[in-house]
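> Numbering-wise, this note's numbering puts 102 at position 97 of the sequence shown, and it's gapless, one number per residue. In this text, a Cβ means the ideal position worked out from N, Cα and C, and glycines have one as well. In this text, all values refer to a predicted model and were calculated from it rather than measured experimentally. One structure coming up, written as structure tokens, with questions to follow.
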Amino acid sequence: MYRVYALPLRQFAQRQSTTNAPRRLLHLAAINEGISPVTRSEFYALTGAPDDQLKAVLFRNQVSPTNDALPDTRGLPPSSTHIPALNHWFAFTKLDGTRACFTQHFRKHGQALAAYEIILDRTDIEGVLNANLKAFQTWLKNTSSQVPHHGLLAELLHHLLLEWESPATPGFARFHAPLALLDAARQYNTTQADPSRRVSKLYVAQMPLSNLPPDLQRGLPTPALLTETPSHTTTSSASASATTTPTPTTPPADIYTSSIWLGLEPTFTPWHRDPNDNIFCQLHGTKQVRVLPPVAGERLFRRVLNDRSHDEESSNFSGSSAIRGEEMMHSSERQAWYDAVWGQGVKGEGEQGLAPEYQLMQHAEVGPRDMMFIPKGWWHSFVSTSDVEGGLNASVNWWFRWRRPS
């Protein structure tokens, strides 16, 4: 079973500065951009080729909250990928018009359970957890008279903190909690003027869409690019009068799984590849992505493993190019994967003394309503780009394969 993890970019074990930004490694080429809106036939022409001919492609403003194919308010062309969650899940506060919050439509499903991941930041003194989560718990208790379910969330967080404060607990943890916990953390962050005091390591990561309440699932329908089957007509000579018969022009796609990603920025997805083609749609916030084709991506992956194997502090480190384990989530390993793609890079015999694979690496920023195709086996990593600590970032993706003629 494969996993794609989303992790914080800032405040690693060595307490990186919150202003630390991804380094521009060499002069990275831009990821190819397709014409938007793309039709299903055009999309299949780009994504249905043999594996060795595929490339990552970015489609700007491909996603629309309505099914009316109306032009964007900025005069952009109409979209053909309908995702109602863009309007039904997210709204904006009146403070500056950019800070997202969840709508009442989303919040009424707050009791639904979700699988969370969290990075546990610890102080440099005896490994004690920093005070942010405890302050959040106190806020939940203090607001429980106005918001009753905050009391239940405070009790849940209390028990989790008791577990996490054990020195034996690693810097990464998974747990189950209601969706309301993420919304409460987002609300708490709006009360904290100091970004360093906000909750920013909480993530609903790779939650299958099938695990969402049906009402929320309807906000994330499978893109029509994968479900519709365009056809053309042919004339039958079997009868005196011409008849038309629909003939499919593209094969159907099999959807293997789909996931929602909801988290508080900054987020970071380490270097990995997927066993199926991937449609990735950004719903709110922005992310940067870097990609490499299969062979070059594998070589970079192996370079990092080799460097880690010579590090005395990581003698237990192991990695798989196909299955990604929890070791990539822990402090030093997480830092190594970040440095390899977004930081100082891996040394080698290429330009600037870096590994030659960077000369093939491609880069793009993916914003709300953008859609990206990542071919099977292509290596990639994402980071969020907002400077707002603890802000909301949301994405959705579908893993699929085109059916091949037998």
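Less than 7 Å between the C-beta atoms of Ala-258 and Trp-407, yes or no?
Within the sequence shown, the letter at position 253 stands for residue 258. Within the sequence shown, the letter at position 402 stands for residue 407. In contact: Ala-258 and Trp-407 (Cβ atoms closer than 7 Å).
> Output the boundary residues of the beta strand (DSSP E) element that contains Val-209.
Residue 209 sits at position 204 when you count from the first residue of the sequence shown. Start and end: 207-213.
> CB-CB under 8 Å to Lys-415, same chain, minus the five flanking residues each way: which ones, in chain order?
The requested residue 415 does not occur in the structure, where the chain is confined to residues 6 to 411.
> To the nearest angstrom, report how far apart Thr-262 and Arg-307 are at their CA atoms.
For this step, residue 262 is matched to residue 257 along the sequence shown. For this step, residue 307 is matched to residue 302 along the sequence shown. If you take the alpha carbons of Thr-262 and Arg-307, they lie about 28 Å apart.
> Report yes or no: do the segment 50-67 and the segment 349-361 share at least 3 C-beta pairs separated by less than 8 Å?
No: the two stretches stay apart, fewer than three of their Cβ pairs being nearer than 8 Å.
> Among the residues of its own chain, which have a CB less than 7 Å from the CB of Thr-108, if the five just before and after it don't count?
Sequence index remark: in the sequence shown, residue 108 carries index 103 (1-based). Answer for Thr-108: His-93, Trp-94, Phe-95, Ala-96, listed in chain order.
> If we ignore side chains and look at the alpha-carbon of each, how far apart do His-154 and Gly-395 end up?
The count along the sequence shown starts at 1 and reaches residue 154 at position 149. The count along the sequence shown starts at 1 and reaches residue 395 at position 390. His-154 and Gly-395: Cα-Cα distance of roughly 21 Å.
> So Gly-115 packs on Pro-183, CB below 8 Å; how close in whole Å?
Within the sequence shown, the letter at position 110 stands for residue 115. Within the sequence shown, the letter at position 178 stands for residue 183. Yes, they are in contact, since the Cβ atoms of Gly-115 and Pro-183 sit about 6 Å apart, within 8 Å.
> What do you reckon, are the CB atoms on Pro-70 and Pro-89 nearer than 7 Å?
Reading the sequence shown from its first residue, position 65 is the one you call residue 70. Reading the sequence shown from its first residue, position 84 is the one you call residue 89. Yes.
> Using three-state DSSP, classify Thr-238 as helix, strand or coil.
Position 233 of the sequence shown, counting from 1, holds the residue named residue 238. Only weak support is given to the placement of Thr-238: the predicted model assigns it a pLDDT of 39, under 50, and the value that follows is read from those uncertain coordinates. Strand.
> What is the rounded straight-line gap between the Cα of Val-346 and the Cα of Val-294?
By 1-based counting over the sequence shown, the position of residue 346 is 341. By 1-based counting over the sequence shown, the position of residue 294 is 289. Those two C-alpha atoms are separated by around 10 Å.
> From Ile-260 to Asp-282, what distance separates their C-alpha atoms?
Counting from 1 along the sequence shown, the entry for residue 260 is found at position 255. Counting from 1 along the sequence shown, the entry for residue 282 is found at position 277. Computed Cα separation, rounded: 10 Å.
> Report the partner residues of His-3 according to the DSSP bridge assignment.
Only positions 6 to 411 of the chain appear in the structure, and residue 3 is not among them; the question remains open.
> Go through its chain and collect everything with a Cβ distance to Trp-342's Cβ below 8 Å, but skip five positions before and after it.
Here residue 342 refers to the residue found at position 337 when the sequence shown is read from its first residue. Result list for Trp-342: Pro-275, Trp-276, Val-309, Met-333, Ser-386, in chain order.
> If you draw a straight line from the C-alpha of Ala-120 to the C-alpha of Val-209, how long is it?
Position 115 of the sequence shown holds residue 120. Position 204 of the sequence shown holds residue 209. Looking at the two C-alpha atoms, the distance is approximately 6 Å.
> What first and last residue would you give for the alpha helix (DSSP H) that runs through Pro-299?
By one-based count along the sequence shown, residue 299 stands at place 294. Pro-299 -> alpha helix (DSSP H) spans 299-314.
> Grouping DSSP H, G and I as helix and E and B as strand, with all else coil, what is Arg-191?
Taking the first residue of the sequence shown as position 1, residue 191 is located at position 186. Looking at Arg-191 - three-state DSSP - the assignment turns out to be helix.
> Just the Cα atoms here: how many angstroms apart are Leu-161 and Arg-65?
Along the sequence shown, read from residue 1 onward, the residue named residue 161 stands at position 156. Along the sequence shown, read from residue 1 onward, the residue named residue 65 stands at position 60. Roughly 41 Å separates the two Cα atoms.
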